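A.B. asks: In our numbering, the protein residues as written are 732 to 1022.
Quick look at the structure:
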């Protein structure tokens, strides 16, 4: 059963809860409360990976995709995965950094998750994060407001400005041992919605000082932080879309041995393109960068 930190108020949409709930499950049908003492026992002396989803994901889908992804991870012992559910579906696409920063993502990290982790994860051997899409903002805000050190951060298809690691979250980047990004030029969501957001904000020309691409579409702008691990750009011929990172396909998922790294343009598709290769590969990549 996957362990979860849940800061949702409602199953679909809604705002943030008043506190962090501790739960476990693999689907909405067996989702249930987990005693705090059990979670503390599970993470004691272990390297913890906290993973979260992006926008437009309700509670049921978040449970399913993160528990499925946990089963594909290949984390070295002693490690443990903890899923993080937040109400990204309360803001949908209008929040992709334009024209205003997503309040829910910011508040989730700053006001709920960071204090909870500081108060409860001190006995862990280390703390790391992985995120998808707008979950990058949740993770970066969490790290920004944590006192405990963070060992690894892996941002998959981050729906946030490409210069955020040297501007808004420059101090965060300096607090993390290493930072990894997965980006795809074939990301149909980030390639469309960020230009749309620019238009809504009245910023329509590439080269305008306020214009930025998405970190998950083009990767980080220069100069990159010293602790940033390259490469980051998924080959175009893999046609890796925004929802492929945490998608759920019928089992069995293909086996993709670790370690894996981002391959050069034109490289063969992993696992010969078998169903589920995308989420299996993202899990293998995150497992590799976690080590």
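All C-beta atoms in this analysis are idealised placements derived from N, C-alpha and C, irrespective of residue type, glycine included. Keep in mind that this is a model prediction, so the values were computed, not measured.
#1: For the beta strand (DSSP E) that contains residue 863, what are its first and last residues?
#2: In this structure, how does DSSP classify residue 1015 when only helix, strand and coil are distinguished?
#3: Per DSSP, which one or two residues make a beta bridge with residue 1058?
#4: Could you say which of 992, 819, 1004, 956 lies nearest to residue 975 if we only look at CA atoms?
#5: Could you pull out every residue in the same chain whose Cβ sits closer than 8 Å to the Cβ of residue 776, ignoring the five residues on either side in sequence?
#6: From the DSSP output, which residues share a beta bridge with residue 1010?
#7: With burial defined as no fewer than 16 other Cβ atoms inside 10 Å of the residue's Cβ, what is the status of residue 761: buried or exposed?
#8: Going by CA-CA distance only, name the one from 803, 771, 786 that's closest to residue 983.
#9: Curious, which full-length alpha helix (DSSP H) runs of at least 4 residues does the segment 935-1002 contain?
#10: Whole-angstrom Cβ separation of residue 859 and residue 1021, contact assumed at under 8 Å?
#11: Roughly how many angstroms separate the alpha carbons of residue 851 and residue 874, rounded to a whole number?
#12: Does the Cβ of residue 905 have 16 or more other Cβ atoms within 10 Å, making it buried, or fewer, making it exposed?
#13: Do residue 815 and residue 849 have their C-beta atoms within less than 8 Å of each other?
C.D. replies: Result, derived from the coordinates:
#1: For the purposes of this step, residue 863 is identified with residue 132 of the chain shown, where counting begins at 1. 857-863 is the span of the beta strand (DSSP E), which, as asked, contains residue 863.
#2: Residue mapping note: residue 1015 aligns to position 284 of the chain shown, counting from 1. Looking at residue 1015 - three-state DSSP - the assignment turns out to be helix.
#3: Any question about residue 1058 goes unanswered here, given that the chain covers just 732 to 1022.
#4: For the purposes of this step, residue 975 is taken as the residue at position 244 of the chain shown. Measuring from the Cα of residue 975, the nearest candidate turns out to be 1004.
#5: Along the chain shown, one-based indexing puts residue 776 at 45. Result list for residue 776: 809, 854, 855, 856, in chain order.
#6: Here residue 1010 is taken as the residue at index 279 of the chain shown, counted from 1. Residue 1010 pairs with nothing; no bridge assigned.
#7: The residue labelled residue 761 in the question sits at position 30 within the chain shown. Residue 761 is exposed by the Cβ-count criterion.
#8: If you number the chain shown from 1, residue 983 lands on position 252. Of the candidates 803, 771, 786, the one whose C-alpha sits nearest the C-alpha of residue 983 is 803.
#9: 946-949
#10: In the chain shown, residue 859 corresponds to position 128, counting from 1. In the chain shown, residue 1021 corresponds to position 290, counting from 1. Between residue 1021 and residue 859 the Cβ distance is about 6 Å, and since that is below 8 Å, they are a contact.
#11: Residue 851 sits at position 120 when you count from the first residue of the chain shown. Residue 874 sits at position 143 when you count from the first residue of the chain shown. One C-alpha to the other measures close to 15 Å.
#12: The count along the chain shown starts at 1 and reaches residue 905 at position 174. Looking at its Cβ environment, which holds fewer than 16 other Cβ atoms inside 10 Å, residue 905 is exposed.
#13: Walking along the chain shown from the start, residue 815 turns up at place 84. Walking along the chain shown from the start, residue 849 turns up at place 118. Not closer than 8 Å, so no.
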